[in-house]
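Novice: Quick one: the structure is below, and I'll ask about it shortly.
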Amino acid sequence: MTDAGGVGERGSRWIVDLDGVVWLAGEAIGDPGAAVAALRARGVDVLFATNNSAPTRGQLVRRLGRVGIDAAASDLVTSAHAVAGLLQPGERVMLLGDKGLREALDERGVTVCLPGTTRVDAVVVGWTHVFDFDVLAAAAAAVRDGARLIGSNEDPVHPTPNGLEPGTGALLAAVATAARTSPVIAGKPHQPMVDLVRARLAEAGTTGRVLVVGDQPATDGRLAAQLGAAFALVDSGVTGPGTGVADVPVALRAATLGELVDRLPSAS
Ligand SMILES: [Mg+2]
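Written out as structure tokens, the structure reads:
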């Protein structure tokens with residue numbers, strides 16, 4: 002365990018992952034609303050950072066509301082926004098992804114083309130249920146023809162109440178393999194998302210300690226390391242209790258976000 006001093010103090014900021022921390026497939030884990038309210042009452046700012054590119058910002062704000070968290074779109078960063086930052090307005094993109102990515106690409110001024118369109122500048126892969134052999138073949142062909150391959154993230158799995166589902170990384174690996182290339186990845190812990198989070202911290206004038214809270218050491222823990230922040234691991238998602246963690250310093254570990262907050266020393 003590394004030093005976690007100051008992470009619950011006024012002026013500090015928590016960067017909180019969503020899947021496996023706040024909810025599992027939209028079902029609240031414990032009482033995240035109470036946990037976030039307690040943090041804000043202490044003067045801790047909370048920013049939500051997710052690698053899930055499927056929901057729109059509006060959908061995420063409503064989902065947060067349903068689990069008791071009052072949040073604005075400006076309290077969120079997603080891998081969809083990190084992807085959009087890798088594209089230029091006017092570029093033509095083949096999208097294998099859901100509404101959140103579509104929203105981010107539209108806001109960026111990118112032209113989204115149907116699978117099978119020739120001469121695209123990039124193929125973007127995010128989390129989607131719409132993925133079959135024909136889509137894979139079209140995406141791989143576009144990349145072989147010169148399009149950049151960009152993934153929202155490389156998470157191999159996605160936690161749900163019924164266990165693990167394939168994550169974006171599984172879909173992205175299929176395209177990359179068929180195109181014989183390596184993708185650029187936008188989400189945690191890669192540079193586009195690191196830059197996005199760093200920009201938000203600067204905009205907010207964060208001066209205190211920064212803590213990243215997440216269920217995946219490989220993404221959330223490495224994001225913390227990139228930011229020079231502390232990492233708190235919760236065992237409510239991909240990483241179960243008792244699972245060892247290699248390579249990533251863990252400052253705090255708890256069963257849930259709520260337990261993490263409950264264990265903070267009393268605010269002075
Ligand atoms: Mg997670």
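Residue numbering for the sequence shown follows this note's numbering, beginning at 2 and increasing consecutively. The C-beta atom is built at its ideal place from N, Cα and C for all residues, glycine as well. What you are looking at is a predicted structure, and each value in this text was computed from that prediction instead of being measured.
1. May I have all residues whose beta carbon comes closer than 6 Å to any heavy atom of ligand 1, sorted in chain order?
2. Taking a contact to mean a Cβ-Cβ separation below 8 Å, would you say Pro184 touches Gly168 in this structure?
3. Assuming Pro218 and Val246 are in contact, meaning their beta carbons sit under 8 Å apart, how far apart are those beta carbons, in whole angstroms?
4. Quick check on Phe134: buried or exposed, where buried means 16 or more other Cβ atoms within 10 Å of its Cβ?
5. Rounded to whole angstroms, what's the CA-CA distance from Ala73 to Glu104? Just pull it up for me.
6. Measure the alpha-carbon distance for Thr257 versus Ile70 and round it to whole angstroms.
7. Given this structure, state the Cα-to-Cα distance separating Asp18 from Leu115, to the nearest angstrom.
8. Determine, using beta carbons only, whether Ile151 and Val84 come nearer to each other than 8 Å.
9. Rounded to the nearest angstrom, what separates Ser13 and Gly66 at their Cα positions?
10. By alpha-carbon positions, which one of Arg64, Val131, Val23 ends up nearest to Leu97?
11. Relative to the alpha-carbon of Ile186, which residue among Ser237, Ala35, Thr220 has its alpha-carbon at the smallest distance?
12. Would Glu289 be called buried (16 or more neighbouring beta carbons within 10 Å of its own) or exposed?
13. Out of Leu77, Ala143, Glu204, which one is the CA nearest neighbour of Arg181?
14. Taking DSSP as the reference, what is the three-state secondary structure of Gly215?
15. By a C-beta neighbour count over all protein chains shown, 10 Å radius and 16 as the cutoff for buried, is Val176 buried or exposed?
16. For the beta strand (DSSP E) that contains Arg93, what are its first and last residues?
17. Please classify Gly110: is it buried, with 16 or more other beta-carbons within 10 angstroms of its beta-carbon, or exposed?
18. Examine the Cβ distances between the stretch 47-58 and the stretch 26-34 and report whether three or more of them are shorter than 8 Å.
Specialist: The answer reads as follows:
1. Asp18, Asp20, Gly21, Val22, Gly215, Asp216, Gln217, Gly238
2. no
3. 5 Å
4. exposed
5. 16 Å
6. 16 Å
7. About 31 Å.
8. yes
9. 23 Å
10. If we check each option's Cα against that of Leu97, Val131 comes out closest.
11. Thr220
12. The question about residue 289 has no answer here: the residues shown for the chain are numbered 2 through 269.
13. Ala143
14. strand
15. Classified as buried, Val176 has 16 or more neighbouring CB atoms from the shown chains inside 10 Å of its CB.
16. 93-97
17. It counts as exposed.
18. No, they do not touch.
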